[in-house]
Structures are given as structure tokens and as C-alpha cells.
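Trainee:
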Amino acid sequence: MNRSQLNFLVGGVLLLIFAMMLFAFQVRRTETALVTTFGKPVDSGPITKSGLYWKLPWPIQKVQKFDNRIQNFEGRFEETLTQDGKNLMVLVYAGWKISNPETFRKSFNDSVADAEKRLEDLVRSEKGAVIGTHPFSDFISPDEKKLKFVEIETEMLERIRKPAAEKYGIDVVFLHIKKLGLPESITEKVFERMKAERQKFVDKLKAEGEGRAIDIRSEADSERIKTLAQAEAKVIELRGSAEAEAAKYYEIMEKNPELAIFLQKLTTLEQTLKERSTLILDERTPPFDLLKGGARPMDKK
5 MNRSQLNFLV
15 GGVLLLIFAM
25 MLFAFQVRRT
35 ETALVTTFGK
45 PVDSGPITKS
55 GLYWKLPWPI
65 QKVQKFDNRI
75 QNFEGRFEET
85 LTQDGKNLMV
95 LVYAGWKISN
105 PETFRKSFND
115 SVADAEKRLE
125 DLVRSEKGAV
135 IGTHPFSDFI
145 SPDEKKLKFV
155 EIETEMLERI
165 RKPAAEKYGI
175 DVVFLHIKKL
185 GLPESITEKV
195 FERMKAERQK
205 FVDKLKAEGE
215 GRAIDIRSEA
225 DSERIKTLAQ
235 AEAKVIELRG
245 SAEAEAAKYY
255 EIMEKNPELA
265 IFLQKLTTLE
275 QTLKERSTLI
285 LDERTPPFDL
295 LKGGARPMDK
305 K
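Numbering (my numbering) for the sequence shown: 5 to 305.
Okay, here's the thing in C-alpha cells:
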């Protein structure tokens, strides 16, 4: 390839690049493109799909690109009045993105900073309106069940979403309360009230506990009395049975006193000789007289 051919090839490449710059444009995945013809958006609407597209050269057509990713926004930490007239400091944050490039372009051209200033005004206004419909206890309370953060955040989001979309072409994707605070002038009063409410709760639990303790003691006393009564009845029953058996025994002994004396001697002798021991006694001493030979009471007729 000679020099003239090389120059022609380079010129052709440069011309192609120049033509591409004039007649083509690329849309990335994170972008939305708006094509205007003499300043008026084309009828096909915004381009949201990534790829390479054709256009007429400027000044006939112009391409304006917008970031379609979610932008983070954080408001100011400022005082707001609740429904019952209490000062409350609230900070909210939100996520938003451009949903309608045409409306956004009319309102802010392509300035994200200007859009966030308008969004801040809108958030501040609707935040105050929503908080003004809720009592202080919906935000700060010793009882977790009384807190209504989710409901309040949903109300704020719904009130902000519609005007943001219609006026500015912005879709507010989410909104949450980031921080709550109390002005120094009322902090002490609020804590005192919370302590009083907590003490009421403690007193209630204590009273319930004491009432339960009384019930338990009453049940225990009743069970103790019942058990003692049953035990005493059983003792009386056993004593009666024993006395009846003893009466039968005494009756037998009265009929045969010699047998009774003999049995008593056997019992005494058994107790005396239970352990190994050496005794020197007169064999006539009861009950050792049983050890000598001779007749036994049981032998007598």
C-alpha cells in the first residue's frame, strides 16, 4: 500500500468517525436519552434501552441524557409540631430517580442540584403536614406497640410521590425517618413523663404479682388444711384400729394371765440377751427363771 492509498484510508476512517459523531449516539444501561428536534421532543419518546442509535446532526436534533439510577436525598434535621403541640425534631431521607425526562427537562433542564432543592421544599412541606396529624406518642413512647413509624413514613411518601411525579418528572422510590430528636427545652419534661409512665407500668405489674401471690398462698393454705385434715383422719382411723386390736389382745391376756406373764418374760429376755453379754444372776430372778428346767406355763393343763 503506497502513501496516497494510506492517506485515503486514514481520511476515510476519520470521515466515518466524524459521521458517527454527527449521526449516531450511544445510550448506556444507566442512562435515559431524550432526542429533540429543534427543541421539541420526538414523538417516539425517551430512549430507555441501552445501545447505539441514529440522529440528525445538530442543530436539527439534539440528544440529552439523564441518569436513571436512584439518587439519595437527605433533608434537614429541623423542628416540627405534632398534633398535640409538642416540638419534635425529624430528619428524613429518600431515594428518587427521573421517571419522566421530558417533565424533568422542562423543570430543571438537567440539573440534579436544582431538582433536589425543589424536592427538599416538597419534603419539608409534606413532612410537617403529616407530623401535624399525629400525636407525640406516635413517635416517642415507652410502649413499642404505640409507635407508628411505618404508617407515618407511608403517609409522607404517598403525599410526596404524586406532586413530585406530576410537576417534576421525579419518582420518589422510598422515604424513611432517619433520626428523631427533642429540643433541649422539652427533653427533661419528656423524660420525666416517660419515667412516670414506666413507673405506672411497674406498679401495675407489682400489683398483679402481689394479687397472684395472695391467690397462691390462699391455695397453699387451703391445700395444707385439707392435707392435715386427711392425715388426722387417717391417724384417728389407725389409732382406732390399733386400740381395737389391743382390746382383743388384752381380752385374751385377761382370760389367760399365766400366758401373758410368760410372753412378757420372753420379751424381756429377748431384749436383755440381744447383745453378747455376761450376767451373774440368781436363776430364780425373772425372767431368767425360764432358762432352768421344769414345767412351763404352756405345759399346765
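Ideal placement from N, C-alpha and C gives every residue a C-beta, glycine not left out.
Mind checking who Glu78 pairs with in its DSSP beta bridge?
Mentor: Tyr97
Trainee: In terms of DSSP beta bridges, what is Gly213 paired with?
Mentor: Its beta-bridge partners do not exist; DSSP assigns none.
Trainee: Would you say the beta carbon of Arg221 comes nearer than 7 Å to a heavy atom of the ligand FMN?
Mentor: This structure lacks the ligand FMN, and indeed carries no ligand of any kind.
Trainee: Please state if the CB of Pro146 and the CB of Glu3 are separated by a distance shorter than 8 Å.
Mentor: This structure leaves residue 3 out entirely; the chain is present only between 5 and 305.
Trainee: With DSSP collapsed to three states, give me the class of Asp175.
Mentor: strand
Trainee: Taking 8 Å as the threshold (C-beta atoms), are Leu123 and Phe153 in contact?
Mentor: In this structure, Leu123 does not lie closer than 8 Å to Phe153 by Cβ.
Trainee: Tell me Ile102's beta-bridge partners as DSSP assigns them.
Mentor: Ile174
Trainee: Could you tell me whether the region 112–122 touches the region 44–61, using the rule of 3 or more Cβ pairs below 8 Å?
Mentor: These segments do not touch.
Trainee: With burial defined as no fewer than 16 other Cβ atoms inside 10 Å of the residue's Cβ, what is the status of Ile64: buried or exposed?
Mentor: exposed
Trainee: Mapping DSSP to helix, strand and coil, what is Gln268?
Mentor: helix
Trainee: Classify Lys59 as helix, strand or coil using the three-state DSSP reduction.
Mentor: coil
Trainee: Distance, Cα to Cα, Gly185 vs Val39?
Mentor: 47 Å
Trainee: Keeping to the same chain, check which residues put their C-beta closer than 6 Å to that of Val46; ignore five residues upstream and five downstream.
Mentor: Val39
Trainee: Do you know offhand how far Arg221's Cα is from Lys210's?
Mentor: 16 Å
Trainee: Can you tell which of Ile51, Gly43 and Phe42 has its C-alpha closest to the C-alpha of Phe29?
Mentor: Ile51
Trainee: When burial is assigned at 16 or more other CB atoms within 10 Å of the CB, is Asp118 buried or exposed?
Mentor: exposed
Trainee: Could you tell me the alpha carbon to alpha carbon distance between Ile21 and Phe81, rounded to whole angstroms?
Mentor: The alpha-carbon atoms of Ile21 and Phe81 are separated by roughly 52 Å.
Trainee: Mind checking Ala34: buried by the 16 CB within 10 Å criterion, or exposed?
Mentor: As written in the sequence, residue 34 is Thr, which differs from the Ala given in the question. By the 10 Å Cβ count, Thr34 comes out exposed.
Trainee: Cα separation between Lys171 and Ile135?
Mentor: 23 Å
Trainee: Taking only the alpha-carbon atoms, compute the straight-line gap between Ala299 and Leu242 and give it to the nearest angstrom.
Mentor: In this prediction, Ala299 scores a pLDDT of 43, lower than 50, which makes its location untrustworthy; no coordinate-derived value is stated.
Trainee: Which residue's Cα is closest to the Cα of Arg165: Ala246, Val94 and Leu179?
Mentor: Leu179
Trainee: Could you give the residue range of the beta strand (DSSP E) that holds Asp35?
Mentor: In the sequence under discussion, the amino acid at residue 35 is Glu, which differs from the Asp named in the question. Glu35 to Thr41 is the span of the beta strand (DSSP E), which, as asked, contains Glu35.
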